[in-house]
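For reference, the structure is listed below as structure tokens.
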Amino acid sequence: MVAVAPWIGLGIALALIALAMIVPPLLGQSVHIMSFPPLHAEWMPRLGPGTLPAVLLAVAASVWGVPLARRLRWGALLAIAYAAAVAWMVALATVDGWDGIGRILEHRYEYLGTAREVTDFGATLRDYIAHIPLDSEDNWPVHIAGHPPGALLFFVVLVRLGLGGGLAAGFVVLLVGATAALGVLTLLRRLGAEDAARRAAPFLAMGPAAIWFAVSADGMFAAVAAWGLCALGFAATAGRLGAMAAWSVLAGLLLGYCVMLSYGLPILGILALAVLALGRDWRPLPIAALAALAVVLAFAAFGFAWWEAFPVLVERYWDGVASRRQFTYWVWGNLAALAISAGPLVGAAIATTGARAIGWRSEVRPERVVIVLALAAAATIVAADLSQMSKAEVERIWLPFVPWLLVGTALLTERWRRAGFAGQLAFALVVQHLLVTSW
């Protein structure tokens, strides 16, 4: 079963992608997205300034990525993984020129325009909930209404620092988002799975998800989440009580801020529990939980209560296009969008993880770590999908979970990893050059 699992998973991923594209036009069905379901994208084949660098990076990574990840010193591996991630994101984004990095953040639905208008963030917090409803006067743009104010605060800070232009803010988002892979790799090593981290490193550094990581604030969310979970792993494996407490507080602050970045990120709790179970120490849980609660209560003290905002957000969500997006399509169409964003090899990774999980007690420690984290990530996807609060646009919304799903690539054989990595890079090039994405 383990031998055929990658083929089954890859086949399912590719079939989902094909069906998600074919079914709407075949049935004459509008799924209320742009012209290329399941993505929020339009068909626009093109070449651009970033094309040649992206192709050269893909070829070089396909040849040297897997062997280099195996033999580099750990510090060098992290440095090269980060440099490769940044270069890959920049190359893909600049297929549309430098405008490809900053254009999306300048869209009226995004945070940057509103951030430039904020002169008193305290007053903004106090009035935040009142502007969420669709029928409210001066209602927030889609992304401001759809997220807690932690996301807006990030861009307000950028504006105050003189980084409020689209290109400047875009580069900050890109550079922060590229660290997500490092957070995941560092956690794997801390949990005793360095070999697994090396096997997964190429897939975490470079892949189709870079198309959205490069231009979407959700890539920044993914980095905050990755480092929060990494800090929790350090807390669960700390020898001294003081170190455990310090790491727990840091983890709680980062994960608490995730709650203020996106209404969907509290389900990171599933991954957090998995990290604590792997660390075999539950003492960090109450400390981290209190630190996370402190972040949420700090926003409440200044006027924004998450628990009051969420039901208003749900009402806004269903008053908008979500009410017209059929769950019967998006419950599986979301998974197709995820397979495009994470790359089709994510299907092989998940299927292999599931097959190996059947006999996980006989697995050695590094493989157990991979199995638990990848399955926890899959559980977050199931929870998000069934919530009906993520109908479409998940190619960016689910970015914080993508690196954790790709951890499962560490369970693939070297032959699969070499061919699969090349396939992921080629797939990313095809998607970026054929489609104009809106996130």
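Under this note's numbering, the first residue of the sequence shown carries the number 990, and numbering increases by one thereafter.
Beta carbons: idealized from backbone N, C-alpha and C, even for Gly.
- Scanning the region 1191-1242 from its first residue to its last, the whole alpha helix (DSSP H) runs of 4-plus residues come out as 1199-1202 and 1206-1225.
- Per DSSP, the beta bridge partners of A1030 are T1426.
- If you ignore the 5 residues before and after Y1071, its C-beta comes within less than 8 Å of the C-beta of A1167, T1168, A1170, L1171 and A1194, all in its own chain and listed in chain order.
- Out of A1082, D1374 and E1095, the CA that lies nearest to the CA of I1386 is found in D1374.
- The residue from A1082, A1298, G1135 and Y1117 with its alpha-carbon nearest to that of E1099 is G1135.
- The C-alpha of G1268 lies about 6 Å from the C-alpha of G1222.
- For W1321, the enclosing alpha helix (DSSP H) begins and ends at F1316 to A1331.
- The shortest CA-to-CA distance from V1084 to any of A1104, V1044, V1048 and I1118 is the one to V1044.
- Secondary structure note for D1127: it is in no alpha helix (DSSP H), with a DSSP letter that is neither H nor E.
- A straight line joining the alpha-carbon of L1334 with that of S1379 spans about 22 Å.
- Closest in alpha carbon position to V1425, among M1209, G1086, R1305 and V1162, is G1086.
- The closest CA to that of A1363, considering only L1046, P1014, E1384 and A1340, is found on A1340.
- Membership of V1044 in the alpha helix (DSSP H) is indicated by the continuous run T1040 to R1060.
- Only exposed fits S1312, as fewer than 16 other CB atoms lie within 10 angstroms of its CB.
- For the 9 Å CB-CB criterion, I1276 and M1233 form a contact.
- Distances from the alpha-carbon of P1137 to those of A1266, L1163 and V1284 put V1284 closest.
- R1229 counts as exposed, since fewer than 16 other C-beta atoms from the protein chains shown sit within 10 angstroms of its C-beta.
- Shown here for P995: same chain residues with a beta carbon closer than 7 Å to its own, the five before and five after excluded, namely A1337, A1340, T1341, L1401 and W1405 in chain order.
- For M1078, the uninterrupted alpha helix (DSSP H) run begins and ends at W1063 to A1082, by DSSP.
- Counting other Cβ atoms within 10 Å of its Cβ, P1014 stays below 16 and is therefore classed as exposed.
- Using a C-beta cut-off of 8 Å, the region 1236-1248 makes no contact with the region 1184-1202, since fewer than three inter-stretch Cβ pairs fall below that distance.
- In the pairwise beta carbon analysis, the region 1060-1075 is classified as touching the region 1156-1167: at least three pairs are separated by under 8 Å.
- Residue nearest to L1142 within the set L1177, G1102 and L1176 is G1102 (criterion: CA-CA distance).
- The three-state secondary structure of A1294, taken from DSSP, is coil.
- About 4 Å separates the Cβ atoms of A1203 and A1082, confirming a contact at the 8 Å cut-off.
- When the Cα atoms are used, Q1018 and S1205 turn out to be separated by approximately 28 Å.
- Between G1196 and L1414, the CB-CB gap stays under 9 Å.
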